[in-house]
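A.B. asks: Residues 1 to 796 in UniProt numbering are what the sequence shown lists, from first letter to last.
The structure follows.
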Amino acid sequence: MGMSSKLLRDNPHIAAWHFYRRFGLFRDIVLKQKFNVTDYWNRYEWQGRGSSHCHGLFWMDGAPSVDLENEHLRKEFARIWRFHVTAFNPEPARVRQQGEGNPLAVNPLQHPLTFQWLSQVLNRCQRHHCSETYCLRKKKGSEEISCRFFFPRDTRDTADVVRRQGQSYFSFEAARNDSLMNHYNRCLSLGWLANIDISPCTSLQAVINYAAKYCSKMEKRTDSYASMGRQILPYVSHQNPLLSFASRLMNKLLTERDFSGQEICHVLLNCELQEGTRVIRAVDCRPYEQQGRSLRLQGDHDDAEVVGIYEKYLSRPPLHEELTYLDFLANWNTSKRDGRKWTRWSRQAKPRVLYYFPRYKSNHQHHQYDDFCRVKLMLAHPHRDPNELRKINGVEYNSYASAAEFCYRNHRHPDDYYGTPNAEERRPDPDEFEEEFHEPDLLEEDWLELARQLPDCPPSQEAIDLLGRRDIDIQYDWTPHVGRYADPGIVQGDYWRQRIEQNRLHMDVEDMPLEVRDALNPEQRIVYDTFIGHFQCGSEEQILLHVDGGGGTGKSYMIKVLSSHLQRLAGNRPSPIWRAAPTGVASNQIMGTTLHSLLRLPMDRAFTELSPADANAIQKKLRDVRYLVIDEKSMLGLRQLSWIDKRLRQVFPARAAEFFGGISIILVGDFFQLPPIANKPLYFDGPLKDLHEVSGQTAYRAFNHTVFLKKVQRQQGDDQAGFRLALEELRGLKLSIESWKLLSQRVQVKLNQREEDTFDAALRIYSKKARVNEYQRSQQVKTRQARALACLVLIT
């Protein structure tokens, strides 16, 4: 765990207070002044991962009308708001460069305001990323999967007001050149330096939809222990039922938390969960005899009953005889016990917002209609007894509905916002997507059983990030060490950046003598002779070749030999071969680069052409390259292969009509290994809809030659025959009992201490950074002076 993550986890109160205070200042200093805000309301919530989030609605003085049924008004609305809200990406093809710092970790008061900084912030915070866990949902009545936030969206040159399919209201769509960019305001994005979405409200119905779907969703209520026990019982292991039940119960309790640490601290710090310029008052609309009564607990003294707001109105002094209940609730300060000292709010003060409960149905045919009319009369007519509400102008009616009907025909009252008789109640539009699907609880039988048998343990010691901050480090006398490392780069904080500039990565591999080619096996030699001969004769014919082979068959070694000898044949010219792979670890194994950094490919966004400056930079880098080796092809998807094809056609325009710009490609790897993430593998033969995938499949089928490396080079000798067989069976998912028994013997827990000590200097391969940090620290503890550390390889 990194230092920042640990500090955030250990100090949620600081994070909660910082967010609350920062947003309050940002709202008062920036939002109010920039948009001339007169009213606002915001609500704090905490996302599934525990981070703070805030929804807000803001009213602007002088904002354009939201009556958008008229086309002229819609155009005027879009014209005004286009100056404030946009979805235009300054650099839609931007790829984060190696060594580029975090654009959010700067002092905004000192950092120059440039479009480059804006682009860095927007591409880091404002671009939408679709995923099944966040926004991708299945539409009701179909198998179509779509984003519930309507991404990707069509690009448009100008802002407009549109009505999306299935919506009863208009939506504002800003000008955009990036289909995944959220709406943003430049001032707000550079001021907040985090994700901040902004959209103008187009109607009351749009506000209702936003509030209902995004601002007011309740968390799932916690189950009782008995209920959780009933859910667990069907999955309890019969071999060790008590341990199985306890582990499943703890797993359910610890992984289904209801409240994050920041949310709890937010409440404990007395921070408001919702804020606004209006005071909200709850109004109990039930009949008087059903309304609740409150008690004030006074310790040893007799508890006192608190006078309810409706009872206070009914017992008001004669001075306020003609005061209506609606006016009393919205505009009067009634905190003093003596009603004669009540005061009406000043003209500058805004009326309270009244929250009615329950809200009775306004339909004449509904059985609640009489109660609806009672509430309307209660708010509009001065009275001292609820039974008086049926009497109007000296005439007593037999029901509230009859009295209200007379009132509607003969009286005019201020809007109480409780509803209009027979008017259809505004409700959120029905959701066109199915409810989010959650896997059934507690089906992890396999991993729970395996976890109980695991001989290893997760890291339990201090993280490597804490070195220098422990008590032992702080108490140590560092005086003798002062000045030992006087490089000015260390003091200035850019030491590593300078070292990177001084030691730029070159594509040259170590020089290997020509004799090593004789040690290549026949299949390796076919690949070697093909490309050496192709280079020596100066042929312009393109080679598209597959090289397949399981683990240990010498693929990486063959690449190094071929690269070294092509490099030697080139003489003083740059190497004609370039090596690349989908990941940093894989590229490091062959002394290459990642495909994304080499060709500036997008990580998870739409593919776009390079700018002339970027294209020129890649052309300069690959000017002398004739052969491109792509390792770990199993991790390459059809979409990525299409991007590589398009990018190389742009880099080599003279041969843009050929696949990959005419450059020869060697695809190396083993399809039995790791597949691509969120991408269809190269061998996919099902129906395709994505144009990039279709293009990638066409390019893949252009590879018309394959060489299979079958001989295992890494594990030699008859004593390793069983191990070689086990690896081959694992590769084909056909592990035999004999191979399983062999692999079961090769675990650390079955070694004695002497045997274990023989591995002290062995290469360690870990799958997680936490294990790397754990091992590094254990080695530092063993050898305090630590002159040499074991070489670690991190597999990601």
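All residues carry an ideal CB built from backbone N, CA and C; glycine is no exception.
Taking 8 angstroms as the threshold, find out whether the segment 616 to 630 comes into contact with the segment 676 to 684 through three or more Cβ pairs.
C.D. replies: The segment 616 to 630 is not in contact with the segment 676 to 684.
A.B. asks: Hey, how far is the Cα of W117 from the Cα of R499?
C.D. replies: Translated into the one-based positions of the sequence shown, residue 117 becomes position 117. Translated into the one-based positions of the sequence shown, residue 499 becomes position 499. Whole-angstrom Cα-Cα distance: 25 angstroms.
A.B. asks: The alpha helix (DSSP H) with F23 in it runs from where to where?
C.D. replies: Here residue 23 is taken as the residue at index 23 of the sequence shown, counted from 1. Looking at the DSSP string, the run of the alpha helix (DSSP H) that includes F23 is P12 to F26.
A.B. asks: Starting from S739 and walking both ways along the beta strand (DSSP E), at which residues does that stretch end?
C.D. replies: In the sequence shown, the residue the question calls residue 739 occupies position 739. Note, S739: premise wrong, no beta strand (DSSP E); alpha helix (DSSP H) at I737 to Q745.
A.B. asks: Could you check whether the segment 560 to 570 touches the segment 506 to 522, counting it as contact only if at least three pairs of C-beta atoms, one from each stretch, sit closer than 8 angstroms?
C.D. replies: At 8 angstroms Cβ cutoff, the stretches touch.
A.B. asks: Where do the N-terminal and C-terminal ends of the beta strand (DSSP E) with D39 fall, by residue?
C.D. replies: The residue you call residue 39 lines up with position 39 of the sequence shown. V37 to W46 is the span of the beta strand (DSSP E), which, as asked, contains D39.
A.B. asks: What does a CB cutoff of less than 7 angstroms around G662 pick up in its chain, not counting 5 residues either side in sequence?
C.D. replies: On the sequence shown, residue 662 is found 662 positions in, with the first residue counted as 1. Here the set comprises Q542, F652 and R655.
A.B. asks: Using 8 angstroms as the threshold, is the segment 694 to 712 in touch with the segment 640 to 651, meaning 3 or more CB pairs across them?
C.D. replies: Touching, yes.
A.B. asks: Compare the Cα-Cα distances from Y44 to each of D429, V37 and G56 and report the closest residue.
C.D. replies: The sequence position of residue 44 within the sequence shown is 44, counting from 1. That would be G56, whose Cα lies nearest to the Cα of Y44.
A.B. asks: Does the structure place the segment 70 to 81 close enough to the segment 170 to 177 that three or more beta carbon pairs sit under 8 angstroms?
C.D. replies: They touch, by the three-pair rule.
A.B. asks: Give me the DSSP bridge partner(s) of L31.
C.D. replies: For this step, residue 31 is matched to residue 31 along the sequence shown. L31 is not bridged to any residue.
A.B. asks: For the alpha helix (DSSP H) holding A726, just list the boundary residues, first then last.
C.D. replies: Residue 726 sits at position 726 when you count from the first residue of the sequence shown. It spans A721 to R731 - the alpha helix (DSSP H) in which A726 sits, taken as one unbroken run.
A.B. asks: Using C-beta distances below 8 angstroms, list every residue in its chain close to E756, excluding the 5 sequence neighbours before and after it, in chain order.
C.D. replies: The count along the sequence shown starts at 1 and reaches residue 756 at position 756. These residues qualify, in order along the chain: Q748.
A.B. asks: Would you mind stating whether V37 and S199 have Cβ atoms separated by less than 8 angstroms?
C.D. replies: Sequence index remark: in the sequence shown, residue 37 carries index 37 (1-based). Sequence index remark: in the sequence shown, residue 199 carries index 199 (1-based). No. Outside cutoff.
A.B. asks: According to the neighbour-count rule (16 or more other Cβ atoms, all chains shown, within 10 Å of its Cβ), is Q262 buried or exposed?
C.D. replies: Here the question's residue 262 lines up with position 262 in the sequence shown. Answer is buried; the Cβ neighbour count reaches 16.
A.B. asks: What's the call for S664, buried or exposed, on a 16-neighbour Cβ count within 10 Å?
C.D. replies: Sequence index remark: in the sequence shown, residue 664 carries index 664 (1-based). The residue is buried, with at least 16 neighbouring Cβ atoms inside 10 Å.
A.B. asks: If I'm right that N182 touches Q126 with Cβ under 8 angstroms, what's the distance once you round it to whole angstroms?
C.D. replies: Locating residue 182 in the sequence shown gives position 182, where the first residue counts as 1. Locating residue 126 in the sequence shown gives position 126, where the first residue counts as 1. Contact flag correct, Cβ pair sits at about 5 angstroms.
A.B. asks: I'd like to check one pair, L545 with H705: are the Cβ atoms closer than 8 angstroms?
C.D. replies: Start at 1 with the first residue of the sequence shown, and residue 705 comes out as number 705. Start at 1 with the first residue of the sequence shown, and residue 545 comes out as number 545. Yes, the Cβ-Cβ distance between H705 and L545 is below 8 angstroms.
A.B. asks: Keeping to the same chain, check which residues put their C-beta closer than 8 angstroms to that of H53; ignore five residues upstream and five downstream.
C.D. replies: By one-based count along the sequence shown, residue 53 stands at place 53. Once the five neighbours on either side are set aside, the close Cβ partners of H53 are Y44, E45, W46 and Q47.
A.B. asks: Name the DSSP bridge partner or partners of W332?
C.D. replies: On the sequence shown, residue 332 is found 332 positions in, with the first residue counted as 1. In the DSSP output, where bridge partners are listed per residue, W332 has R344.
A.B. asks: Between the alpha carbons of G550 and E728, how many angstroms are there, rounded?
C.D. replies: The count along the sequence shown starts at 1 and reaches residue 550 at position 550. The count along the sequence shown starts at 1 and reaches residue 728 at position 728. When rounded, the distance between both Cα atoms is 8 angstroms.
A.B. asks: Please name the residue or residues paired with D338 in a DSSP beta bridge.
C.D. replies: Translated into the one-based positions of the sequence shown, residue 338 becomes position 338. Per DSSP, none; premise fails for D338.
A.B. asks: Only counting the same chain, and skipping five residues up and downstream in sequence, which positions put a Cβ closer than 8 angstroms to that of T202?
C.D. replies: Taking the sequence shown and counting its residues from 1, the one referred to as residue 202 is at position 202. The residues are V66, L68, F77, V161, Y169, F170, S171 and F172.
A.B. asks: According to DSSP, is P681 helix, strand or coil?
C.D. replies: Your numbering for residue 681 matches position 681 in the sequence shown. Strand, per DSSP.
A.B. asks: Whole angstroms is fine: what's the gap from residue 826's alpha carbon to L188's?
C.D. replies: Nothing can be reported for residue 826, as the shown portion of the chain is limited to 1 through 796.
A.B. asks: Quick one, which of N752, A606, K138 and K782 has its alpha-carbon nearest residue 798's?
C.D. replies: This structure leaves residue 798 out entirely; the chain is present only between 1 and 796.
A.B. asks: My assumption, with CB atoms under 8 angstroms, is that D416 sits in contact with F357. Please give the rounded CB distance.
C.D. replies: By 1-based counting over the sequence shown, the position of residue 416 is 416. By 1-based counting over the sequence shown, the position of residue 357 is 357. Incorrect: roughly 14 angstroms between the Cβ atoms, too far for contact.
A.B. asks: Out of Y134, R82 and L25, which has the shortest C-alpha to C-alpha gap to W192?
C.D. replies: Here residue 192 refers to the residue found at position 192 of the sequence shown. Considering only alpha carbons, the answer is L25.
A.B. asks: For L648 and N616, I'd like the C-alpha separation in whole angstroms.
C.D. replies: Counting from 1 along the sequence shown, the entry for residue 648 is found at position 648. Counting from 1 along the sequence shown, the entry for residue 616 is found at position 616. Answer to the nearest angstrom: the Cα atoms are 12 angstroms apart.
A.B. asks: Assuming contact is defined by CB atoms lying nearer than 8 angstroms, are A87 and A175 in contact in what I supplied?
C.D. replies: Walking along the sequence shown from the start, residue 87 turns up at place 87. Walking along the sequence shown from the start, residue 175 turns up at place 175. Yes, these two residues count as a Cβ contact at 8 angstroms.
A.B. asks: Kindly indicate which three-state DSSP category M603 falls into: helix, strand or coil?
C.D. replies: Start at 1 with the first residue of the sequence shown, and residue 603 comes out as number 603. Correct three-state label for M603: coil.
A.B. asks: Compare the Cα-Cα distances from F672 to each of L733, Q619 and Y288 and report the closest residue.
C.D. replies: As a working mapping, residue 672 is identified with position 672 in the sequence shown. Residue L733 is the option with its Cα nearest to F672.
A.B. asks: Which residues in the same chain have their Cβ closer than 6 angstroms to the Cβ of P458, if we skip the five residues on either side of it in sequence?
C.D. replies: Here residue 458 corresponds to residue number 458 of the sequence shown, with the count starting at 1. Low confidence applies here, because P458 scores a pLDDT of 46, under 50, leaving its location unreliable; read the following figure in that light. Taken in chain order, the list of residues that qualify is empty.
A.B. asks: Taking just the CA atoms, how far does S739 sit from D197?
C.D. replies: Residue mapping note: residue 197 aligns to position 197 of the sequence shown, counting from 1. Residue mapping note: residue 739 aligns to position 739 of the sequence shown, counting from 1. Whole-angstrom Cα-Cα distance: 56 angstroms.
A.B. asks: Return the first residue and the last residue of the alpha helix (DSSP H) that Q116 is part of.
C.D. replies: Counting from one through the sequence shown, the residue named residue 116 turns up at place 116. Per DSSP, Q116 belongs to the alpha helix (DSSP H) from F115 to C125.
A.B. asks: Check whether the Cβ atoms of N70 and L122 sit closer than 8 angstroms, and answer yes or no.
C.D. replies: The count along the sequence shown starts at 1 and reaches residue 70 at position 70. The count along the sequence shown starts at 1 and reaches residue 122 at position 122. Not a contact, by the Cβ cut-off of 8 angstroms.
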